[in-house]
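Colleague:
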Amino acid sequence: MDAKLSFWGAAQGVTGSCYMLEANGKRLLIDCGFYQERKLKSRNWDPFPEPANSIDAVLLTHGHLDHCGLLPKLVKAGFKGQIHSTSATADIAGIVILDSARIQVEDIKHKKRRHERQGRKGPYPLVPLYTTEDAEATIPLFVKHNYDEPVLLGDGLEASFHDAGHILGSSGIQIVIKSGGEVRTLAFSGDIGRWDAPIICDPNPFERADYVVMESTYGNREHKSEESIPGDLATVINETVKAGGNVVIPSFAIERTQELLYHLNGLLGKKEIPHLMAFVDSPMAIRVTEVFRRHEDMFDEETNALLASGDHPCDFPGLVMSRTVDQSKSINQVKGSAIIIAGSGMCTGGRIKHHLINNIGREESTILFIGYQAHGTLGRIILEGEDEVRIMGEKRAVKARIERINGFSAHAGQSELHRYVSALQEAPRHVFVTHGEPDAAMALSDWIKKEKGWSSSTPAYLDTVTLD
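Read in order, the letters of the sequence shown are residues 233 to 700 in the working numbering.
1) Within the region 500-559, note down every full alpha helix (DSSP H) run reaching 4 residues or more, in order along the chain.
2) Output the distance between the C-alpha atoms of isoleucine 563 and tryptophan 679, rounded to the nearest integer angstrom.
3) With respect to the beta strand (DSSP E) encompassing glutamate 414, which residues constitute its N-terminal and C-terminal limits?
4) With 16 as the cutoff for other CB atoms within 10 Å, does proline 660 come out buried or exposed?
5) What whole-angstrom Cβ distance do leucine 385 and isoleucine 324 have, given they're in contact under 8 angstroms?
6) Thinking serine 402 and aspartate 434 are a contact (beta carbons under 8 angstroms), I'd like their distance in whole angstroms, please.
7) Look up histidine 377 in the DSSP assignment and say whether it is helix, strand or coil.
8) CB-CB under 7 angstroms to glycine 498, same chain, minus the five flanking residues each way: which ones, in chain order?
9) Under the assumption that leucine 551 contacts alanine 510 (Cβ atoms under 8 angstroms), give the Cβ distance between them as a whole number of angstroms.
10) Glycine 397 and glycine 425 look like a contact to me (Cβ under 8 angstroms); what is the Cβ gap, rounded to whole Å?
11) As a quick exercise: from Phe239, Ile584, Ser286, Thr698, pick the residue whose alpha carbon is nearest that of valine 557.
12) Do alanine 322 and valine 375 come within 9 angstroms of each other at the CB atom, strictly closer than that value?
13) Please report the straight-line C-alpha distance between phenylalanine 640 and arginine 488, rounded to a whole angstrom.
14) Which residues does DSSP list as the beta-bridge partners of lysine 627?
15) Given that a residue counts as buried once 16 or more other Cβ atoms are within 10 Å of its Cβ, and exposed if not, what is glutamine 490?
16) Helix, strand or coil: which one does DSSP assign to glycine 463?
17) Hey, out of Asp543, Gly608, Ile340, whose CA is closest to arginine 270's CA?
18) Measure the alpha-carbon distance for lysine 305 versus glutamine 657 and round it to whole angstroms.
19) So the beta strand (DSSP E) arginine 702 belongs to, where does it begin and stop?
20) For arginine 453, count the other beta carbons within 10 Å of its own beta carbon; 16 or more makes it buried, fewer makes it exposed. Which is it?
21) Would proline 283 be called buried (16 or more neighbouring beta carbons within 10 Å of its own) or exposed?
22) Just to check my reading of the structure: proline 670 and phenylalanine 239 have Cβ atoms closer than 8 angstroms, yes? What is that Cβ distance to the nearest angstrom?
23) Taking the alpha helix (DSSP H) that glutamine 646 belongs to, which residues open and close that run?
24) Helix, strand or coil for arginine 334 per DSSP?
25) Assign alanine 632 to one of two classes, buried (16 or more other C-beta atoms within 10 Å of its C-beta) or exposed (fewer than that).
26) Taking the straight line between their C-alpha atoms, what separation do you get for valine 479 and glutamine 244?
27) With a Cβ-Cβ cutoff of 9 angstroms, do phenylalanine 311 and leucine 373 count as a contact?
28) For the region 295-305 and the region 501-510, state whether three or more C-beta atom pairs, one from each stretch, are separated by less than 8 angstroms.
29) Could you have a look at cysteine 579 and say whether DSSP puts it in helix, strand or coil?
30) For a test of the three-state rule: what should DSSP assign to methionine 674, helix, strand or coil?
31) Check whether the region 590-607 and the region 528-542 are in contact - that is, three or more C-beta pairs closer than 8 angstroms.
32) Sort Gly388, Ala429, Asp428 by Cα distance to glutamate 414 and report the nearest one.
33) Buried or exposed: which applies to phenylalanine 612, given that a residue is buried once 16 or more other Cβ atoms fall within 10 Å of its Cβ?
34) Could you check where the beta strand (DSSP E) with alanine 289 kicks off and where it finishes?
35) Which of the three DSSP states is assigned to arginine 661 in this structure?
36) Using alpha carbons as the reference points, say which of Gly568, Lys410, Gly542, Ala429 lies closest to lysine 258.
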C-alpha cells in the first residue's frame, strides 16, 4: 500500500479545512477551505503546497466557507478536475463562493480608501484572492451525488458520502483504496452535527475504517441541550423589547439562520414572544433558505410533519428578507424593537458590521451570539467582554448587552463526538484529530487513547503521514 495523507489545513486550528490524499498515483483534496481566524488569515494568500493542476479531484464535505472557500483560488491556480459533493452541498457551496468573491472585492475597495485616509498599511495584500469570475468558473466543475452512492475515482479509488447531520447536505466521506491485493478505508468525518437537532437528519457515523480524520471543535466541552433554546431565546427577546432595543444576531447563513427561524416560528405560534419585525439581512442566507425549500427530501420526520400541516419552518408573519443594500439601510429607520439577523456569523464581514455599529453602543440593545466564534474573530473579541472593539477600522465602545445561546451549535458536543467515534465496531489503525483549537483537539485525542485504547494524534499544519 503506497498512500500518503497531508494536512494542508484545520490542523490544530478550526478553519481552513483541507487534506491531500495521494494514493495509486492520484492526488485528491478533501475540502479546500478558507482561513477565518485572524492570526491565520495570511495563509489564504500562501500558494498551495502542490501545484493546483497536479490535483485530480476534490471531495467536498459541505458548503461552509472554511471548507469550500478556497476552491475558486484552486481553479484560478490551474485546477481542472471535478469537485464531488452531494447535491445540496453543491448548491450551497456555489452561493458561498460567489458571496465570498463579492465580499472580497468590496472589502478591498473599502480598505484601500480607509488605509489611504489613515496613512497606514494592512497585514494582507490589497487584492482579492479571487473574483466573481473565478467563482463562476468553479461552479461547473461540481458533480452531484446522493448519500451512499459509490463514486468511482479510477485507479482503485472509490468514495461515498454519508450524512454528517451538520448542515443541509453535509457529509462524512469514506474513501476505499485498493492496491496490490490490499484494501484500506479512510473516513473523513467532515463537521459532525448533533443528534435530535431540528430540520435535518441525525449524523450517520462510520462503522469501520482503517484511518479516521475527525473534527474536534467541541472536543473539550458540552453544549446546553437543544431543549433549552426556545426558553433562552424568548428570555433574551422579551427583556430586550422591554428595554426598548434591538436584538442583533450575527448568524451563519447556512443552517443557523434557518434553525433560528424555526425556533422563532415556534415561539410566535405559542405567543411566547411579541409579534415584532424580524429581518434576515443577508442575501446569502436568503438564497440558502431557498435551497432548503428545494431539498425538503433531506428534512427529518418532525420537519416533514410540520410541512404537511402547511407550516414552513423558515417563515412566519412579520419576517422580512432584506435583499438589497437599500433594504438593509432602511432597517435603521424602524421604530421600536426589531430582530436583526445578519451575516457573517463570526462578524468577520458582511452586513452584520453595520448593525453592530448602530447597536453595540446602545445599552438597550442586545448582541446575541448563537454560533461558534473562532479565536481572533470580531465575534470572539466581543464575546470575551472587551470594553472597546474595532469595527470597520474605528474603535467602538461596547455598551450593548452581550448574550450567547450555546444550544444552537451545528457541531457535536464532547459527548456526541465520543458517540460518533464509538460507532466504529473495530479499532482503526489510527485516528487523526483535526479541526479544533489545540486544547479541544488534544482532549478528544487523549480520550480516544485512554477510553478506547486506540492510536490517535493531533497532526500539525503541513504534516504528512504514510498510510501503510
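All C-beta atoms in this analysis are idealised placements derived from N, C-alpha and C, irrespective of residue type, glycine included.
Modeller: In this structure, then:
1) Complete alpha helix (DSSP H) runs here, min 4: 515-526, 533-540.
2) The sequence position of residue 563 within the sequence shown is 331, counting from 1. The sequence position of residue 679 within the sequence shown is 447, counting from 1. Isoleucine 563 and tryptophan 679: Cα-Cα distance of roughly 48 angstroms.
3) As a first step, residue 414 is located in the sequence shown; it is residue number 182 there, counting from the start. Annotation: the continuous beta strand (DSSP E) that includes glutamate 414 extends over 414-420.
4) For this step, residue 660 is matched to residue 428 along the sequence shown. Looking at its Cβ environment, which holds 16 or more other Cβ atoms inside 10 Å, proline 660 is buried.
5) In the sequence shown, residue 385 corresponds to position 153, counting from 1. In the sequence shown, residue 324 corresponds to position 92, counting from 1. About 23 angstroms; that fails the 8 angstroms criterion.
6) As a position in the sequence shown, residue 402 is number 170, starting the count at 1. As a position in the sequence shown, residue 434 is number 202, starting the count at 1. Wrong, their Cβ atoms sit about 12 angstroms apart, outside the cutoff.
7) Your numbering for residue 377 matches position 145 in the sequence shown. In the structure shown, histidine 377 sits in a strand (DSSP, three-state: E or B).
8) Along the sequence shown, one-based indexing puts residue 498 at 266. So the qualifying residues of the chain are Pro462.
9) As a working mapping, residue 551 is identified with position 319 in the sequence shown. As a working mapping, residue 510 is identified with position 278 in the sequence shown. Your pair leucine 551 and alanine 510 checks out as a contact, with CB atoms roughly 5 angstroms apart and the cut at 8 angstroms.
10) Mapped onto the sequence shown, residue 397 falls at position 165. Mapped onto the sequence shown, residue 425 falls at position 193. Indeed they touch by this definition, with Cβ atoms about 3 angstroms apart.
11) Walking along the sequence shown from the start, residue 557 turns up at place 325. Check the Cα spacing between valine 557 and each of Phe239, Ile584, Ser286, Thr698: the tightest is with Ile584.
12) As a working mapping, residue 375 is identified with position 143 in the sequence shown. As a working mapping, residue 322 is identified with position 90 in the sequence shown. Yes, Cβ-Cβ distance for valine 375 and alanine 322 is below 9 angstroms.
13) The residue you call residue 640 lines up with position 408 of the sequence shown. The residue you call residue 488 lines up with position 256 of the sequence shown. Rounded to whole angstroms, the gap between the alpha carbons of phenylalanine 640 and arginine 488 is 7 angstroms.
14) Here the question's residue 627 lines up with position 395 in the sequence shown. For lysine 627, DSSP records a beta bridge to Arg622.
15) For the purposes of this step, residue 490 is identified with residue 258 of the sequence shown, where counting begins at 1. Its Cβ being crowded by 16 or more others within 10 Å, glutamine 490 is buried.
16) As a first step, residue 463 is located in the sequence shown; it is residue number 231 there, counting from the start. DSSP, read as helix, strand or coil, puts glycine 463 in helix.
17) Along the sequence shown, one-based indexing puts residue 270 at 38. Check the Cα spacing between arginine 270 and each of Asp543, Gly608, Ile340: the tightest is with Gly608.
18) For the purposes of this step, residue 305 is taken as residue 73 along the sequence shown, with counting starting at 1. For the purposes of this step, residue 657 is taken as residue 425 along the sequence shown, with counting starting at 1. Cα-Cα distance, rounded: 39 angstroms.
19) Shown here, the chain extends from 233 to 700; a query on residue 702 therefore has no answer.
20) Your numbering for residue 453 matches position 221 in the sequence shown. The residue is exposed, with fewer than 16 neighbouring Cβ atoms inside 10 Å.
21) Position 51 of the sequence shown, counting from 1, holds the residue named residue 283. Classification for proline 283: exposed.
22) Reading the sequence shown from its first residue, position 438 is the one you call residue 670. Reading the sequence shown from its first residue, position 7 is the one you call residue 239. Between phenylalanine 239 and proline 670 the Cβ distance is about 14 angstroms, and since that is not below 8 angstroms, they are no contact.
23) Residue numbering aside, residue 646 sits at position 414 when the sequence shown is read from its first letter. The continuous alpha helix (DSSP H) containing glutamine 646 extends over residues 646-654.
24) Taking the first residue of the sequence shown as 1, we reach residue 334 at position 102. Arginine 334 falls in the helix class under three-state DSSP.
25) As a first step, residue 632 is located in the sequence shown; it is residue number 400 there, counting from the start. With 16 or more Cβ atoms within 10 Å of its Cβ, alanine 632 is classed as buried.
26) Position 247 of the sequence shown holds residue 479. Position 12 of the sequence shown holds residue 244. Just so you know, the alpha carbons of valine 479 and glutamine 244 end up roughly 34 angstroms apart.
27) Counting from 1 along the sequence shown, the entry for residue 311 is found at position 79. Counting from 1 along the sequence shown, the entry for residue 373 is found at position 141. Cβ distance < 9 angstroms, so phenylalanine 311 and leucine 373 count as in contact.
28) Segments in contact, no.
29) Translated into positions along the sequence shown, residue 579 becomes position 347. Correct three-state label for cysteine 579: coil.
30) Translated into positions along the sequence shown, residue 674 becomes position 442. Helix.
31) With fewer than three CB-CB distances shorter than 8 angstroms, the region 590-607 does not count as touching the region 528-542.
32) Translated into positions along the sequence shown, residue 414 becomes position 182. It is Gly388 whose Cα lies nearest to the Cα of glutamate 414.
33) Here residue 612 refers to the residue found at position 380 of the sequence shown. In the sequence on display, residue 612 carries arginine and not phenylalanine. Counting the other Cβ atoms within 10 Å of the Cβ of arginine 612 gives 16 or more, which makes it buried.
34) For the purposes of this step, residue 289 is taken as residue 57 along the sequence shown, with counting starting at 1. Here the beta strand (DSSP E) through alanine 289 covers 289-291.
35) In the sequence shown, the residue the question calls residue 661 occupies position 429. Three-state result, arginine 661: coil.
36) In the sequence shown, counting from the first residue as 1, residue 258 sits at position 26. The shortest Cα separation from lysine 258 among Gly568, Lys410, Gly542, Ala429 belongs to Lys410.
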